[in-house]
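Student: Heads up, the sequence shown is in our numbering, so the first residue is 225 and it goes up one at a time. Before I ask anything, here is the structure I am working with.
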Amino acid sequence: MDRSNKKMYHIGLGFGVLSGFVLLPGDPGRVDLVLSFLEGSRVLCFK
Numbered sequence: 225m226d227r228s229n230k231k232m233y234h235i236g237l238g239f240g241v242l243s244g245f246v247l248l249p250g251d252p253g254r255v256d257l258v259l260s261f262l263e264g265s266r267v268l269c270f271k
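Below you can see the structure in the form of structure tokens.
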């Protein structure tokens with residue numbers, strides 16, 4: 225299966241986009257708080 229241009233339906237991201245570590249804060253209101261403690265972090269998907 226060629227995954228080079230396919231997106232995963234449930235997160236809307238392609239294969240190889242994510243790093244080895246992913247944080248899922250649960251409550252969307254916590255995203256900015258979590259990001260404030262991390263360097264070089266960013267939001268890739270929001271559902």
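C-beta atoms are modelled at their ideal positions from N, C-alpha and C, and glycine is treated no differently.
1. Going by CA-CA distance only, name the one from 271, 229, 263, 268 that's closest to residue 274.
2. Please report the straight-line C-alpha distance between residue 256 and residue 266, rounded to a whole angstrom.
3. Between which two residues does the alpha helix (DSSP H) containing residue 255 stretch?
4. Do the CB positions of residue 237 and residue 262 come within less than 8 Å of each other?
Tutor: According to the data block:
1. The question about residue 274 has no answer here: the residues shown for the chain are numbered 225 through 271.
2. 10 Å
3. 255–260
4. no
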